[in-house]
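Colleague:
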Amino acid sequence: MNPVLRYIQGYPEHITTPVRQMVEANRLTQWFEKRYPENHTIKSEKALFDYTMGYKNRYMKKTSPLSKVVYDNKIHLINNALGLHTYVAKVHGGKIKTKNEIRIASVFKNAPEPLLRMLVVHELAHLKEKDHNKAFYQLCCHMEPDYHQLELDARLFMMYLETNNKNKQ
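So the sequence shown is numbered by UniProt numbering: it starts at 1 and just counts up by one.
(1) Between residue 102 and residue 69, is the Cβ-Cβ spacing less than 8 Å?
(2) At which residue ranges does the segment 19-79 contain complete alpha helix (DSSP H) runs of 4 or more residues, listed in the order of the chain?
(3) I believe residue 125 touches residue 115 by the beta-carbon criterion, under 8 Å. Please report the beta-carbon distance rounded to the nearest angstrom.
(4) Have a look at residue 73 and residue 16 and give me their C-alpha separation to the nearest angstrom.
(5) Taking buried to mean at least 16 other C-beta atoms within 10 Å of its own C-beta, is residue 56 buried or exposed?
(6) At what residues does the alpha helix (DSSP H) containing residue 128 begin and finish?
(7) With a threshold of 6 Å on Cβ separation, who are the neighbours of residue 66 within its own chain once the five nearest residues in sequence on each side are excluded?
(8) Can the beta-carbon of residue 119 be found closer than 8 Å to that of residue 96?
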C-alpha cells in the first residue's frame with residue numbers, strides 16, 4: 001500500500017478507490033490545485049486568533065474564553081494530529097485559573113482557507129464537546145455545513161504535501 005494512503009485509512013471503499021487511483025496515476029497534485037487554487041492569507045498568530053474569535057463569537061458566544069490560538073510546528077510530528085485543543089488549569093494564589101488554547105499544525109499556515117476553517121471549527125467544537133461523538137459532529141456541521149467534505153479534503157491536502165515533497169527530492 002502506498003504510504004500516503006494512510007491519511008484516508010478507515011474511509012469507505014467508494015472514497016478510497018478513486019483517491020488511490022488518482023495517486024497511482026500521479027493526478028492528485030493537479031486535482032488538488034484545481035480544487036483549491038489559492039491559499040489563505042492568515043499568516044500571523046494575531047490574525048489566526050482574530051479569525052478563530054470571529055467563528056467563536058458567531059457560533060459559540062457562551063463557551064469558555066480562548067486565551068491563545070497559534071500555529072504549532074510540533075503537532076503533526078508528535079501527535080499525528082492537525083490541531084489540538086488544550087485546557088490548562090493552574091493554581092495561582094489559592095485560585096484556579098483555566099485557559100483554553102487552540103493549536104493548529106503549522107503546515108496549515110500555507111493551506112487553502114476552507115481547510116483552515118474546518119480545523120478552527122473542529123477545535124472550537126471541543127470547547128463544548130470533548131469527545132468525537134454525534135453532538136460534536138453536529139456542532140461542527142452547524143458552524144461549517146461542508147465540514148465532512150472539508151475534513152476529507154484536509155486529509156487529501158496532507159497527501160498532496162507528502163506527494164509534492166517526494167517529487168522535489
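From the three backbone atoms N, C-alpha and C, an ideal C-beta is built for every residue, glycine too.
Modeller: Straight from the coordinates:
(1) yes
(2) 28-35, 45-59, 75-79
(3) That belief does not hold up - the Cβ atoms of residue 125 and residue 115 are roughly 16 Å apart, past 8 Å.
(4) 28 Å
(5) buried
(6) 113-128
(7) 100
(8) no
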